[in-house]
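Colleague: Structure provided below as structure tokens; questions to follow.
And the structure:
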């Protein structure tokens with residue numbers, strides 16, 4: 001693979017990806033990040049001079065997605081009621097230490113209520129899992145934080161420790177989903193938030209585990225058996241969260257437990273279903289890219305270059321939209337936007 005490691009520019013990268021038939025995935029990933037950025041910004045516009053500037057940026061980036069102004073405005077109305085902006089940005093938030101600190105604060109505050117629901121579920125269906133009241137949910141939050149901190153310290157988790165974390169997050173997620181299905185929750189809003197937050201945590205962990213597993217074992221397993229034997233089981237959670245019963249319960253919650261209009265209920269549940277589909281695609285696209293590149297050093301470089309291109313594109317949009325404003329205003333608006341979207345600025 002040494003001949004491939006000379007890639008130093010975006011143009012060289014795109015040429016290589018085109019040869020490998022992977023440009024479609026790279027473009028899809030970029031558009032998903034733009035879409036997330038827009039959705040987060042529409043629900044968190046600061047009440048300063050930055051607001052008008054950010055609105056101009058949203059309009060500029062909107063040309064790259066299928067979203068229109070009407071849908072963005074509707075989503076903004078929904079986000080103010082349901083904190084959906086944070087959920088739609090869940091993967092970014094759960095993939096970095098700084099981002100997860102935002103999620104952790106809210107999830108930790110909910111942990112007593114969530115663990116009570118899991119305890120009630122255990123009593124109701126007489127499960128054998130050791131829920132341990134106020135322990136398991138908090139433990140998974142703490143372990144996810146430790147995993148991210150280990151990466152920050154350049155002492156990343158081993159393949160074995162990552163598999164254990166993926167399993168724990170999967171188990172807690174399935175319990176949360178079961179609690180929602182059996183109508184055990186006394187606070188559906190907190191439960192829905194916890195489900196989608198845990199899904200984002202789980203996706204970030206599984207994506208990273210896939211990378212470790214493939215590059216550690218590809219010489220032995222080859223491409224046909226490249227993934228862990230539990231992978232199909234883990235992926236089943238995306239099917240469950242896309243199922244008819246789950247959609248109906250989200251619709252019922254939106255209709256009967258909130259003040260959302262019928263149209264806003266549709267925006268609400270469709271946005272969450274899009275989130276499930278996007279997170280599934282994150283796993284599948286990442287797997288396809290891993291196999292196509294086949295080299296861990298090149299894979300890391302591709303990810304870094306893709307993230308830089310997205311950040312550069314957003315910065316360029318801010319500078320173009322704020323060409324008549326002071327430099328410090330434009331920079332502050334850009335940095336604030338990237339911070340809210342949990343992207344590197």
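In this note's numbering, the protein residues as written are 1 to 345. Where a beta carbon is used, it is the ideal one built from N, C-alpha and C, also for glycine.
1. Helix, strand or coil, according to DSSP, for residue 182 in the structure here?
2. Name the two residues that bound the continuous alpha helix (DSSP H) containing residue 327.
3. Rank 196, 210, 206 by C-alpha distance to the C-alpha of residue 272 and give the top, closest one.
4. What are the boundary residues of the alpha helix (DSSP H) that residue 154 is part of?
5. From which residue to which residue does the alpha helix (DSSP H) around residue 259 run?
6. If we call anything under 8 angstroms between Cβ atoms a contact, is residue 269 one with residue 251?
7. Excluding the 5 residues flanking residue 362 on each side, which residues of the same chain have their C-beta closer than 7 angstroms to its C-beta?
8. Given a threshold of 16 other Cβ atoms within 10 Å of its Cβ, counted over all protein chains shown, does residue 206 qualify as buried or as exposed?
9. Excluding the 5 residues preceding and the 5 following residue 56 in the sequence, name in chain order all residues of the same chain whose CB lies nearer than 6 angstroms to its CB.
10. Tell me where the alpha helix (DSSP H) around residue 324 begins and ends.
11. Locate the alpha helix (DSSP H) running through residue 203, then write down its first and last residues.
12. For the pair the segment 175-185 and the segment 152-163, tell me if three or more CB-CB distances fall below 8 angstroms.
13. Could you have a look at residue 229 and say whether DSSP puts it in helix, strand or coil?
14. Among the residues of its own chain, which have a CB less than 6 angstroms from the CB of residue 168, if the five just before and after it don't count?
15. Counting only C-beta atoms, is residue 265 closer than 8 angstroms to chain D at any point?
16. Could you compute how far the alpha carbon of residue 293 sits from the alpha carbon of residue 299?
17. Drop a sphere of 10 angstroms on the beta-carbon of residue 32, count the other beta-carbons inside from all chains shown, and report buried for 16 or more, exposed for fewer.
18. Assuming residue 95 contacts residue 204 under a Cβ cut-off of 8 angstroms, what Cβ separation, rounded to an integer in Å, is found between them?
19. At what residues does the alpha helix (DSSP H) containing residue 92 begin and finish?
20. Do you know whose CA, among 326, 102, 318, lies nearest residue 334's CA?
21. Ignore the nearest five residues each way along the sequence and tell me which others in residue 286's own chain have a CB closer than 8 angstroms to its CB.
22. Taking only the alpha-carbon atoms, compute the straight-line gap between residue 177 and residue 93 and give it to the nearest angstrom.
Modeller: Short version:
1. The residue labelled residue 182 in the question sits at position 182 within the chain shown. If DSSP states are grouped into helix, strand and coil, residue 182 belongs with coil.
2. Residue numbering aside, residue 327 sits at position 327 when the chain shown is read from its first letter. Its alpha helix (DSSP H) spans residues 327-340.
3. The residue labelled residue 272 in the question sits at position 272 within the chain shown. Here the closest residue by C-alpha is 196.
4. By one-based count along the chain shown, residue 154 stands at place 154. Premise fails: residue 154 is in no alpha helix (DSSP H) and is neither H nor E.
5. Here residue 259 refers to the residue found at position 259 of the chain shown. From DSSP, residue 259 is part of no alpha helix (DSSP H); its letter is neither H nor E.
6. In the chain shown, the residue the question calls residue 269 occupies position 269. In the chain shown, the residue the question calls residue 251 occupies position 251. Between residue 269 and residue 251, the C-beta spacing is below 8 angstroms.
7. Since the first and last residues shown for the chain are 1 and 345, residue 362 lies out of range.
8. Start at 1 with the first residue of the chain shown, and residue 206 comes out as number 206. Buried is the call here.
9. In the chain shown, counting from the first residue as 1, residue 56 sits at position 56. Hits under 6 angstroms: 321.
10. If you number the chain shown from 1, residue 324 lands on position 324. Note, residue 324: premise wrong, no alpha helix (DSSP H); not H, not E.
11. What you label residue 203 is simply residue 203 of the chain shown in a count that begins at 1. For residue 203, the enclosing alpha helix (DSSP H) stretches over residues 188-221.
12. Segment contact: the segment 175-185 against the segment 152-163, fewer than three CB-CB distances shorter than 8 angstroms; contact not assigned.
13. Here residue 229 refers to the residue found at position 229 of the chain shown. Reduced to three states, the DSSP call for residue 229 is coil.
14. As a first step, residue 168 must be located in the chain shown, where it is residue number 168. For residue 168, same chain residues with a beta-carbon under 6 angstroms away, outside a window of 5 residues either side, are 140 in chain order.
15. Within the model displayed, chain D is absent; a lone protein chain is all it includes.
16. What you label residue 293 is simply residue 293 of the chain shown in a count that begins at 1. What you label residue 299 is simply residue 299 of the chain shown in a count that begins at 1. Approximately 6 angstroms, taken between the alpha carbons.
17. Mapped onto the chain shown, residue 32 falls at position 32. Burial check for residue 32: the Cβ neighbour count within 10 Å reaches 16 or more, so the residue is buried.
18. For the purposes of this step, residue 95 is taken as residue 95 along the chain shown, with counting starting at 1. For the purposes of this step, residue 204 is taken as residue 204 along the chain shown, with counting starting at 1. Indeed they touch by this definition, with Cβ atoms about 4 angstroms apart.
19. Mapped onto the chain shown, residue 92 falls at position 92. Per DSSP, residue 92 belongs to the alpha helix (DSSP H) from 90-94.
20. Position 334 of the chain shown, counted from the start, is the residue given in the question as residue 334. Ranking 326, 102, 318 by Cα distance to residue 334 puts 318 first.
21. As a first step, residue 286 is located in the chain shown; it is residue number 286 there, counting from the start. Answer for residue 286: 207, 210, 211, listed in chain order.
22. Locating residue 177 in the chain shown gives position 177, counting from the first residue. Locating residue 93 in the chain shown gives position 93, counting from the first residue. In a straight line, the C-alpha of residue 177 is about 21 angstroms away from that of residue 93.
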